[in-house]
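Numbered per our numbering, the sequence shown spans residues 2 to 137.
C-beta: ideal position from N, C-alpha, C; glycine also.
The block underneath contains the structure these notes are about, expressed in structure tokens.
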Amino acid sequence: MVYITSWDEFVDRSVQLFRADPESTRYVMKYRHCDGKLVLKVTDNREVISNPKPHGSKPWALTNQPTPHGSDEFGIPRIECLKFKTDQAQDAKKMEKLNNVFFTLMARGPEADTSEVTGKEQTDAQPTKKGRGRKQ
């Protein structure tokens with residue numbers, strides 16, 4: 002599988018994939034401790050048809066005819082799979098923001114505006130309570 006190297010491209014394409022089919026989109030996070038890498042994967046989770054029966058007598062021949070969106074020249078649905086891999090600690094904040102974007106889309110619907118989603122919710126500063134410790 003091909004990894005997307007740009008974080009912004011990964012987020013944009015992931016959100017587009019979710020909005021296209023929210024019922025079958027799947028988001029997976031995996032941390033590989035042995036490598037110290039975080040792998041994020043977003044897929045549309047469609048089934049692959051095995052043993053296709055191609056049109057024509059030469060199954061290996063490709064045509065230059067346009068194909069319907071989401072399928073190859075034999076009419077088999079393509080699986081969209083987006084992957085991003087990182088070993089940088091600062092990308093954990095970006096991952097948290099992506100999680101919040103997906104939570105917003107799931108809760109409010111695929112047409113929700115995700116522009117105001119942030120990594121952490123902003124809370125009002127609460128005054129700190131002084132403890133009952135020894136006075137100085």
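Neighbourhood of residue i by C-beta, 8 Å cutoff - its chain only, sequence neighbours within 5 removed
i	result
residue 118	98, 101, 102 and 105
residue 107	23
residue 65	Confidence at residue 65 is low in this model, with a pLDDT of 41, below 50, so the placement of that residue should be treated as unreliable; the coordinate-derived value is given next. Cβ within range, chain order: n/a, list empty.
residue 13	none
residue 92	8 and 39
6 Å Cβ shell around residue i - same chain, five flanking residues per side excluded
i	result
residue 32	39
residue 30	41
residue 37	88
residue 115	102 and 105
residue 135	none
residue 86	4, 38 and 40
Pair within 8 Å by beta-carbon distance, residue i and residue j
i	j	result
residue 47	residue 25	yes
residue 5	residue 84	yes
residue 111	residue 20	yes
Burial state of residue i (16 or more Cβ within 10 Å)
i	result
residue 45	buried
residue 3	exposed
Neighbourhood of residue i by C-beta, 7 Å cutoff - its chain only, sequence neighbours within 5 removed
i	result
residue 81	18, 44 and 45
residue 10	none
Run through the region 6-40 for me and flag every whole alpha helix (DSSP H) of 4 or more residues, listed as ranges in chain order. Scanning the region 6-40 for uninterrupted alpha helix (DSSP H) segments of 4 residues or longer gives 8-21, listed from N- to C-terminal end.
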